[in-house]
Amino acid sequence: MNSRNSTSLDADLFTLIAKGDRRAFGQLYDRSSAVLFTLSLKMLGDREEAEDLLQEVYTEVWRKSVRYDEHRGSPMAWLITLTRSRGIDRIRARASRGHGITESIEDAPIADTQGHDPTPFDILNGLRAGIAEGNGPL
Numbered sequence: 349m350n351s352r353n354s355t356s357l358d359a360d361l362f363t364l365i366a367k368g369d370r371r372a373f374g375q376l377y378d379r380s381s382a383v384l385f386t387l388s389l390k391m392l393g394d395r396e397e398a399e400d401l402l403q404e405v406y407t408e409v410w411r412k413s414v415r416y417d418e419h420r421g422s423p424m425a426w427l428i429t430l431t432r433s434r435g436i437d438r439i440r441a442r443a444s445r446g447h448g449i450t451e452s453i454e455d456a457p458i459a460d461t462q463g464h465d466p467t468p469f470d471i472l473n474g475l476r477a478g479i480a481e482g483n484g485p486l
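Taken in order, the sequence shown gives residues 349 to 486; the numbers are from this note's numbering.
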């Protein structure tokens, strides 16, 4: 193993995963699962559903890692975007089944997006702050 930080992600991991390298996949999971689980839990508010979402995300990563394009963003940004997208899909599915619908707009939580959708970096910085405060995964 090289001298990189144990939480850093390398685009080479995706190349190895695309070739079926289970060890590379394990390294990717070890280095990214805490951040992605925290994001999932914050989005969905349910530990079991967050775990299911993470399983779905990592299954997709295993099957579609060849689609990762390092010119479009960092590996962590791609994973966060994938997790966020699948989480939004689950929230929308919940809403279509009538779960989590507020009675009025005043009851809806206000997101601190400062007039824009949060970027993967905004999400990552928020997750890091939560982990540093002890609100991250155990």
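Glycine included, C-beta positions come from ideal geometry on N, C-alpha and C.
Residues in its own chain within less than 7 Å of residue i by CB, not counting five upstream and five downstream?
{"i": "Ser388", "result": "Ala398, Leu401, Leu402, Thr431, Gly435"}
{"i": "Ala372", "result": "Leu361, Leu364, Ile365"}
{"i": "Trp426", "result": "Tyr416"}
{"i": "Ser413", "result": "Phe362, Ile365, Ala366"}
Residue i and residue j look like a contact to me (Cβ under 8 Å); what is the Cβ gap, rounded to whole Å?
{"i": "Gln375", "j": "Leu361", "result": "6 Å"}
Taking only the alpha-carbon atoms, compute the straight-line gap between residue i and residue j and give it to the nearest angstrom.
{"i": "Asp460", "j": "Met391", "result": "Low local confidence applies: a pLDDT of 49 at Asp460 is under 50, so the model's placement there is unreliable, and no value is given."}
{"i": "Arg411", "j": "Gly446", "result": "32 Å"}
{"i": "Ala441", "j": "Tyr406", "result": "20 Å"}
{"i": "Asp437", "j": "Val409", "result": "17 Å"}
{"i": "Ser433", "j": "Glu404", "result": "12 Å"}
{"i": "Arg370", "j": "Gly393", "result": "30 Å"}
{"i": "Ser381", "j": "Gly368", "result": "19 Å"}
{"i": "Arg395", "j": "Gly421", "result": "28 Å"}
{"i": "Tyr377", "j": "Glu418", "result": "18 Å"}
Starting from the C-beta of residue i, find all residues in its chain whose C-beta is less than 6 Å away, skip the five residues before and the five after it, and write them out in chain order.
{"i": "Asn350", "result": "Because the pLDDT of Asn350 is 45, which lies under 50, any placement of that residue in the model is unreliable, and the question is left without a value."}
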